[in-house]
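Data first, discussion second: the structure below is written as structure tokens.
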Ligand SMILES: C[S@@+](CC[C@H](N)C(=O)[O-])C[C@H]1O[C@@H](n2cnc3c(N)ncnc32)[C@H](O)[C@@H]1O
Ligand code: SF4
């Protein structure tokens, strides 16, 4: 059993401590890099949309954990998003990536995960390498989110090898605890030591190789772990600050708990989050050279039973998701598979994303119709669509014949005809 102080762990793993002044600063996040201004550790809620926003690709929806906050795995659902669980087939994956390259689709970044743990896909490093090679010019970076339990040193090395020049990788490790008992309570297994050992191997090799791989450690604040938020910050700021530093863009992310997509209990979770940030004086900014991310903006939802003001959700424009069976979905909050646009095995991304079904859904939102999964989603009030996004959907709806062209003479209302005599 490893102790919880840095010194105890250094002794246990034989891990040397370095001062940040000796770290290389040759990786992509040099302050004079044009990329520095893009906030490359951005998340969907704070991203700078470039063309299509953020693409998610789901290597698998199978998971090795049953985290207390993750309903599909905690409750042991047989099926998630309306299909049997599975792994993405590599021939299908390559076809999809080739199709995206042909379409010239551009994204701020591509996230490898949705509803399982991507590390369980045996070919995850190859997936990253293929995406970097074929789509590198159309994305700013790639990202993978994982609990890191199944990433022992050899597989961490494979992740480092998969990073292509000019296409950095953001590795997000969802840890959610500082001590082993709390980890076991929140994540369902006793594996914190293994997770720490795996991540420590990665940061050590990264420093040796100078690979453009940035790390985010994540903590979803909830009743079972809130008391450890301060210790979590200190531990990871110390470790990443020492082993990373200015050469990389590492982050510690305190994430809000989502309760049923923003339903009963969301307001209480939001309050706990704010109290926890205050209690441990956790503020956005930098700690030991590591970026600290706090969701300070506004709560996901006032418990308003979804009766509050709603605007069209930009997710329908900006957050395509490719399910592990190759179907293109419109939103990652869609656990029931309602917003399914069809298979990328038979259609191109552009056909489906600009097709009738997607355009109709966007028009429904513009017209204030929020049915199905959108009706109960608390996230919908978080973002705003821009006028340009709404205009693009309206123009596409005209092209597809879903609505009449207001500019065409035969559909223009002749004022003289409607003036009462
Ligand atoms: C569903 S997991 C899939 C990826 C991977 N298994 C992992 O844990 O990182 C994606 C993200 O959702 C987060 N998550 C799961 N349930 C959540 C909840 N109720 N509220 C906020 N985040 C949640 C996880 O912490 C993780 O960051
Ligand atoms: S590791 Fe990720 S997908 Fe698995 S149960 Fe935890 S949050 Fe859910």
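Residue numbers (my numbering): 63 to 483. We put the beta carbon where it would ideally sit given N, CA and C, even for glycine.
query: Is it the case that the Cβ atoms of residue 171 and residue 203 are separated by a distance below 8 Å?; result: yes
query: In chain order, what are the residue ranges of uninterrupted beta strand (DSSP E) at least 3 long that sit wholly in the region 360–434?; result: 389–391 and 402–405
query: Fully enclosed by the region 186–246, which beta strand (DSSP E) runs are 3 residues long or longer?; result: 201–208 and 231–236
query: Kindly indicate which residue of 290, 181, 176 and 123 has the alpha-carbon position closest to the one of residue 395.; result: 176
query: Looking at the structure shown, is residue 99 part of a helix, part of a strand, or coil, going by DSSP?; result: Residue placement at residue 99 is poorly supported in this model, since its pLDDT is 31, which falls under 50; the coordinates still yield a value, given next. DSSP places residue 99 in helix when its eight states are reduced to three.
query: Give me the DSSP bridge partner(s) of residue 136.; result: DSSP output for residue 136 lists no bridge partner at all.
query: Quick check on residue 463 - is its C-beta less than 8 Å from some C-beta in chain B?; result: Absence of chain B from the displayed structure is noted, only one protein chain being present.
query: Pull up the DSSP beta-bridge partners for residue 149, would you.; result: 122
query: So does the region 375–390 actually touch the region 399–412, counting three or more Cβ pairs closer than 8 Å?; result: yes
query: Is it the case that the region 147–156 contacts the region 113–125, given that we only count it when at least three CB pairs across the two stretches are under 8 Å?; result: yes
query: Could you name the residues whose beta carbon sits closer than 5 Å to any heavy atom belonging to ligand 1, keeping them in chain order?; result: 131, 132, 175, 179, 207, 209, 236, 282, 319 and 320
query: From residue 344 to residue 292, what does the alpha carbon distance come to, in whole angstroms?; result: 7 Å
query: Given the structure, does residue 127 come close to ligand 2, in the sense that its CB is under 7 Å from one of the ligand's heavy atoms?; result: yes
query: Would residue 206 pass as a contact of residue 233 if the rule is Cβ separation under 8 Å?; result: yes
query: Is there at least one non-hydrogen atom of ligand 2 closer than 7 Å to the beta-carbon of residue 135?; result: yes
query: Enumerate in chain order the residues of its own chain whose CB-to-CB distance from residue 455 is below 7 Å, with the five nearest sequence positions on each side excluded.; result: 421, 424, 425 and 428
query: Starting from the Cα of residue 299, find the closest Cα among 181, 463, 279 and 283 and give me that residue.; result: 279
query: Report the rounded CA-to-CA distance for residue 338 versus residue 316, giving the unit in angstroms.; result: 10 Å
query: Under the criterion of a Cβ to heavy atom distance below 7 Å, does residue 177 qualify as lining ligand 2?; result: yes
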